[in-house]
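Student: The structure under discussion is supplied below as structure tokens; questions concerning it will follow.
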Amino acid sequence: MSSLCGCWPSKPKVTREEDRVSRVSPLVQRRKDDIGKPSNSEMAADAILSALEVVSENIPIPAVGVAVKAAIRLIELCQQVRASLEQADELRERIRGLSLVLVQGLSGKPLGEITDNLKRDIEQLQDDLQYIEEKLTEISNQHRLLLVLFKNTNEEAVKKCLKKLDGSLSNFALARQVQNATDLKKLENDIEAYYRTLQATLGNTEEIRKDITEVKTMLQNFNPEFRQEIQSTTRKPHPPPRSHIFYGRDEVLNRLATRLVPAMCETGSKVLLALLGPGGIGKTSAALAVMEHDVVQERYGGESNQFWVGCAKATSTTLLLDILYDSLCINKKTGQTLEDILAELRPPSSKPEQQPYRLLLLDNFETPWNADEEEVERILRNLADIPRLSILITMRANQPPTDQKWEVEVLKPVDVEASAKIYTKIYPDTSEEQLFELLDAIGHLPLAVTLLANYARTSQTTPVELLRNWRRDGPDILSMSDDDEDNVMHKSIKLSLDNPLMKKSTHAMKVLTLLAFFPTPVSRVDLEKYWVPEGINQSKALHVLSKTALVELTESTAFVIPVIRSYILRHTPDRDFVAATRVRIHRVCCSLIADHGSSPGDPTYLDDKQFLSSQEVNLQSVLLDATSESSADVSPEILQALLTLSWHQRYTRPRSDLIEHTLSVSKRMKNAKYEAESLVCSAEMCRALCEFNVAIERVSRARGLFNALGDRESVARCFLKLIEYDLCKPTASQDSLENFLCLVEEARIAYGADDPFGQALCDLWHGQIYNHHGMLLEAHPMLERARAKFEELGRRLELERCLSALALSYRHLYLQQPELVPNSLAIALHLTNQALELSIQCGRGDYQSHNLHCLAITLKYGRLYDEALGRALEFLTLAKLLGDALGVGDALKEIGDILSQIGDWINAEIALQKALVAYEGIPASLLKDYQIRNCRILLYQVERTLNDMESMLPSR
């Protein structure tokens, strides 16, 4: 590097006095007018800046000259306000020192040797100096009285200026390429040579030497690589402050602390521990917390043997070594930085056991690793060979950087409880409505939770509003400015996307974009089989995405966390590829659902049901993506896919959101056929959720639409559904028998006499009507005729319904007229077992649940209590799995009744009390009132028995 003075341009000879006057800053001239003659020390310092201004004009970055000129103006402002502000002198000295370091580090360098990162740091410094100038100008322009009144406020403003200057100084110091202490000596010699030209004017050589010593001290204070003979502890960098809001990591911290403490008996015992995960997951916070853990503190002896090394700015091997050199407080200076570091860290060869245990935290290690893997691995291996030096790294990755024996901890998002604690700690006054839905939407990522909570607190936004905005805008809602510069979440994600590995990979961004459409993990087999287009190397792409922590990868699945998903879909630069990917995914989704869209009872239904269940959340997300925009042109294929998936939900775990959306889209597209089919599916969902009146209204509307379309078979189906829903109501037996039979006849006519399956369905419901009106003997012929036809046609699902109805008829005969069919209970038990087997084969969980209930009742009537209790417990398990609140209540009531029959009164009471709680979870209806009333009657009987038993006990 050229010396400071050696790079000055040659000029015509002038006298020393003319030269001095021409080079002296206007600052010095003005100061003479304002406050009298400056001291020799001040003149020397300002002369340095005047010289720096000349030198800076030859540096091929305009921002350097601008920054130096701004520094000169700032020093003048500091001089003006020094009488009223205590920290003005400190600010002045920092600015002067920074200017020296800046120009010395760049003088003589050609433009090609100055990195882009360094240019950006200098531009940031220029902005910071402009900010400081504005603040000091405001203070200097204040009236003297205001200076007194607002002294504290002004001091705070100067503190902010100092803080901003420290940040710029840190950035610049990390970015520059000065490599060893010889530069300091050269700079000192140049400055001394220049000062000698001023001796005749100043007339005091000793004063000049004193000023030079002060300049040296100033450089040493601000530039770690210029320090000499300074105790190492004075330059050890402090780690970033750890957030005091830290929940959900206790188990992880204890596990990490245990791993960091190897066996004491091993002389060279050390640990390599990699703390991995995506940006925003809390790696740095966890690493700093584990270093404070009692177990770790005990082993590594506290702060003196623990070193934090921030690697975020280490964009080259040289910078990494410079940062290590300073962070580890190395004093040896041979010019070979790595050897200097290793020489001081290694223990004496004769007594390695006397070496203290030390812990080195390499934070944000992905930056140097991505810059030069081969050289950084060499450095890491050398460090790892040092006895008793344990290394902890944090890294945006899912795999450790080398093939050394690493202990690996991949951080996951915190759980819902910890996520809620973080949010409410930051914003205690938040409402709880939809808070957990909001936290689910952002995936419980600690950084996202923290940012959203702070945003909500400052803007007084509720979780309901935030959730709505997140679904619409994703992490964009955290941007306060139009240029997105203040969005920390975006910056965190961009760091991973800008990884050199991503830029080198042809397919990684494409696979990431594809995966961003899926909110839950995708099977890697299915990904390759169905979703990834031909020509894309999935394995290589996933390898890169895993190394950059953009994708969570397991042996069987791939997953993108919600915050990254949202960002990718909104901000991927190649919008054409996103649009093409979206169209392809919509098409594949419809095709997959159509290929697996069989119905219960079909030969392939069980396999198709399993496939759709495994893909359900992702398939639903894709369909919602295709249909949620009001302007979306929805094809019949997408409508059919929506309807098929809605029926799948009806058969597995009924819920209404998707079918209501399907109905809305069908109406919006003015497709009467799909609107009618959606109404039927919606009615079935309402029936499963015990909303019988709504079910009747929906199926009646569907019948009208089918009638207008001329679809007589569907009209007939709607007539029979009306009968089914009405019979579910507790008042069904009181309704007119004639009205029900009229509906059956309407259905027979609509099906037509030439439709044997339709006529068999009418016989089934004809028999069901007789059952519910107590006409058991009349029901048998109808049900037997339907049974024969279903067996003939091979309709297993409908046969199951018929067998179940026959079993009910025989069970009622046993209770009402046992003499008519002496073995009626045995027949009922046999028929129910047959129906149960068919329901399992057909894959209808709700029918299976119903048959288990009937079996428990029948076995109880036969006094087979152990078997009855076993079936009731199976019924309870299945009802819970299906999310069937009515079924859960019925199962618990049956368990309570059976337990009371065998004299287990205490457990019977508990079961019946739980049954009442379950019944409260179903919608208000006559059925709910009916079930609660019957349960309370049983509970009253049990409680009365317990009271009687207690009263019979002898008093103490």
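Numbering of the sequence shown is given in full-length UniProt numbering, commencing with residue 1 and proceeding in unit increments.
Where is the CB? At the ideal position from N, CA and C, for every residue including glycine.
#1: By Cβ distance below 7 Å, which residues in the same chain neighbour Val-309 in space, the five residues on each side in sequence not counted?
#2: Run through the stretch 859-926 for me and flag every whole alpha helix (DSSP H) of 4 or more residues, listed as ranges in chain order.
#3: Could you give the uninterrupted runs of the alpha helix (DSSP H) lying entirely in the stretch 745-788, keeping only those of 4 residues or more?
#4: Could you pull out every residue in the same chain whose Cβ sits closer than 8 Å to the Cβ of Glu-432, ignoring the five residues on either side in sequence?
#5: Which of helix, strand or coil does DSSP assign to Ser-431?
#6: On the CB-based measure, 16 or more other CB atoms within 10 Å of its CB, does Cys-690 come out buried or exposed?
#7: Out of Asn-707, Pro-262, Val-296, point me to the one whose CA is closest to Phe-307's CA.
#8: Does the contact criterion of 3 or more C-beta pairs under 8 Å hold for the stretch 420-427 versus the stretch 572-583?
#9: Looking at the secondary structure, which residues open and close the beta strand (DSSP E) in which Gln-306 lies?
#10: Given this structure, state the Cα-to-Cα distance separating Ser-809 from Gly-921, to the nearest angstrom.
#11: To the nearest angstrom, how far is the alpha carbon of Asn-618 from that of Phe-518?
#12: Can you tell me where the alpha helix (DSSP H) holding Phe-611 begins and where it ends?
#13: For Pro-954, is the classification buried or exposed, using 16 other Cβ atoms within 10 angstroms of its Cβ as the cut-off for buried?
#14: Could you pull the start and end residues of the beta strand (DSSP E) that Gly-704 belongs to?
#15: Which term fits Tyr-814, buried or exposed, when burial requires 16 or more other beta carbons within 10 angstroms of its beta carbon?
#16: Any idea if Cys-742 is buried or exposed, counting beta-carbon neighbours within 10 angstroms, 16 or more meaning buried?
#17: Which residues in the same chain as Phe-611 place their Cβ atom closer than 7 Å to its Cβ, once the five residues preceding and following it in sequence are excluded?
#18: Find the nearest neighbour of Val-634 within the set Arg-524, Val-583, Phe-719, judged by alpha-carbon distance.
#19: Going along the chain, which residues of its own chain have a beta-carbon closer than 8 Å to the beta-carbon of Gln-649, five neighbours each way excluded?
#20: So which of Ile-895, Ile-749, Thr-318, Leu-497 has the shortest CA-CA distance to Val-715?
#21: When you compare only the Cα positions, how much space is there between Ala-453 and Gln-434?
#22: Would you list the residues sitting across from Arg-388 in a DSSP beta bridge?
#23: Can you give me the Cβ contacts of Tyr-427 inside the same chain, cut-off strictly under 6 Å, excluding the 5 residues immediately before and after it?
#24: Would you mind sorting Arg-933 into buried or exposed? The rule is 16 or more other CB atoms within 10 Å of its CB.
#25: Look at the Cβ atom of Ser-666, then the Cβ atom of Leu-639, and state whether they are nearer than 9 Å.
#26: What does the alpha-carbon distance come out to for the pair Glu-629 and Lys-529?
#27: Suppose the cutoff is 7 Å on Cβ atoms and the five residues either side in sequence are ignored; what does the same chain contact list for Thr-858 look like?
#28: Given Ser-170, which residues of its chain have a CB within under 8 Å of its CB, disregarding the five upstream and five downstream residues?
#29: Quick test of the definition: if touching needs 3 or more C-beta pairs under 8 Å, does the stretch 396-403 touch the stretch 536-553?
#30: Apply the 10 Å Cβ neighbour rule to Thr-604 and answer buried if 16 or more other Cβ atoms are within range, or exposed otherwise.
#31: Where does Met-949 fall in DSSP's three states?
#32: Looking at the secondary structure, which residues open and close the alpha helix (DSSP H) in which Glu-800 lies?
#33: Look at the alpha carbon of Leu-606 and the alpha carbon of Glu-909, and state the distance between them as a whole number of angstroms.
#34: For Ser-678, which option in Phe-692, Arg-698, Val-694, Ala-688 has the closest C-alpha, if you only look at C-alpha atoms?
#35: Return yes when the Cβ of Glu-798 is within less than 9 Å of the Cβ of His-853, no when it is not.
#36: Quick one: complete beta strand (DSSP E) runs, 3+ long, within the stretch 392-451?
Tutor: Per the coordinate set shown:
#1: The count along the sequence shown starts at 1 and reaches residue 309 at position 309. Around Val-309: Ile-323, Leu-324, Ser-327, Leu-360, Leu-361, Leu-362, Asp-363.
#2: 865-882, 885-901, 905-919
#3: 756-772
#4: Stepping through the sequence shown from its first residue, residue 432 is reached at position 432. These residues qualify, in order along the chain: Pro-463.
#5: Position 431 of the sequence shown holds residue 431. Coil, per DSSP.
#6: On the sequence shown, position 690 is the one that residue 690 refers to. Cys-690 comes out buried.
#7: To locate residue 307, count along the sequence shown from 1; it is residue 307. Answer by Cα proximity: Val-296.
#8: The stretch 420-427 is not in contact with the stretch 572-583.
#9: Residue numbering aside, residue 306 sits at position 306 when the sequence shown is read from its first letter. Taken as a continuous stretch (DSSP letters only), the beta strand (DSSP E) holding Gln-306 covers 306-310.
#10: Your numbering for residue 809 matches position 809 in the sequence shown. Your numbering for residue 921 matches position 921 in the sequence shown. Cα to Cα, Ser-809 sits roughly 30 Å from Gly-921.
#11: One-based indexing of the sequence shown puts residue 618 at position 618. One-based indexing of the sequence shown puts residue 518 at position 518. Cα to Cα, Asn-618 sits roughly 5 Å from Phe-518.
#12: Along the sequence shown, read from residue 1 onward, the residue named residue 611 stands at position 611. It spans 605-627 - the alpha helix (DSSP H) in which Phe-611 sits, taken as one unbroken run.
#13: The sequence position of residue 954 within the sequence shown is 954, counting from 1. When all chains shown are included, Pro-954 counts as exposed.
#14: On the sequence shown, residue 704 is found 704 positions in, with the first residue counted as 1. Unbroken run through Gly-704 is the alpha helix (DSSP H), 692-709; no beta strand (DSSP E).
#15: Along the sequence shown, one-based indexing puts residue 814 at 814. It counts as buried.
#16: Along the sequence shown, one-based indexing puts residue 742 at 742. It is exposed - the Cβ of Cys-742 has fewer than 16 other Cβ atoms within 10 Å.
#17: Reading the sequence shown from its first residue, position 611 is the one you call residue 611. Within the same chain, Phe-611 has close Cβ partners His-596.
#18: For the purposes of this step, residue 634 is taken as the residue at position 634 of the sequence shown. Proximity to Val-634 across Arg-524, Val-583, Phe-719 peaks at Val-583, based on C-alpha coordinates.
#19: Against the sequence shown, residue 649 aligns to sequence position 649. Hits under 8 Å: Glu-616, Arg-655, Leu-658, Ile-659, Met-685.
#20: On the sequence shown, position 715 is the one that residue 715 refers to. Closest option to Val-715, Cα to Cα, is Ile-749.
#21: Residue mapping note: residue 453 aligns to position 453 of the sequence shown, counting from 1. Residue mapping note: residue 434 aligns to position 434 of the sequence shown, counting from 1. Taking the straight line joining both Cα atoms gives about 14 Å.
#22: As a working note, residue 388 is residue 388 in the sequence shown. Answer is none; Arg-388 lacks a bridge partner.
#23: By one-based count along the sequence shown, residue 427 stands at place 427. Ala-453, Ala-456, Arg-457, listed in sequence order.
#24: Position 933 of the sequence shown, counting from 1, holds the residue named residue 933. When all chains shown are included, Arg-933 counts as exposed.
#25: Start at 1 with the first residue of the sequence shown, and residue 666 comes out as number 666. Start at 1 with the first residue of the sequence shown, and residue 639 comes out as number 639. Going by C-beta atoms, Ser-666 is nearer than 9 Å to Leu-639.
#26: Translated into the one-based positions of the sequence shown, residue 629 becomes position 629. Translated into the one-based positions of the sequence shown, residue 529 becomes position 529. Going by the C-alpha atoms only, they are around 29 Å apart.
#27: Here residue 858 is taken as the residue at index 858 of the sequence shown, counted from 1. So the list reads Arg-811, Leu-825, Ala-828, Leu-829, Thr-832, once near-sequence residues are dropped.
#28: Taking the first residue of the sequence shown as 1, we reach residue 170 at position 170. Unreliable placement is indicated for Ser-170, whose pLDDT of 49 sits below 50; the coordinate value is still reported in the next sentence. Contacts found: none.
#29: yes
#30: Sequence index remark: in the sequence shown, residue 604 carries index 604 (1-based). When all chains shown are included, Thr-604 counts as exposed.
#31: As a working note, residue 949 is residue 949 in the sequence shown. Reduced to three states, the DSSP call for Met-949 is helix.
#32: If you number the sequence shown from 1, residue 800 lands on position 800. Run containing Glu-800: 796-816, per the alpha helix (DSSP H) assignment.
#33: Mapped onto the sequence shown, residue 606 falls at position 606. Mapped onto the sequence shown, residue 909 falls at position 909. About 39 Å.
#34: As a position in the sequence shown, residue 678 is number 678, starting the count at 1. Ser-678 has its Cα closest to that of Arg-698, out of Phe-692, Arg-698, Val-694, Ala-688.
#35: Residue mapping note: residue 853 aligns to position 853 of the sequence shown, counting from 1. Residue mapping note: residue 798 aligns to position 798 of the sequence shown, counting from 1. No, the Cβ-Cβ distance between His-853 and Glu-798 is not below 9 Å.
#36: 407-410
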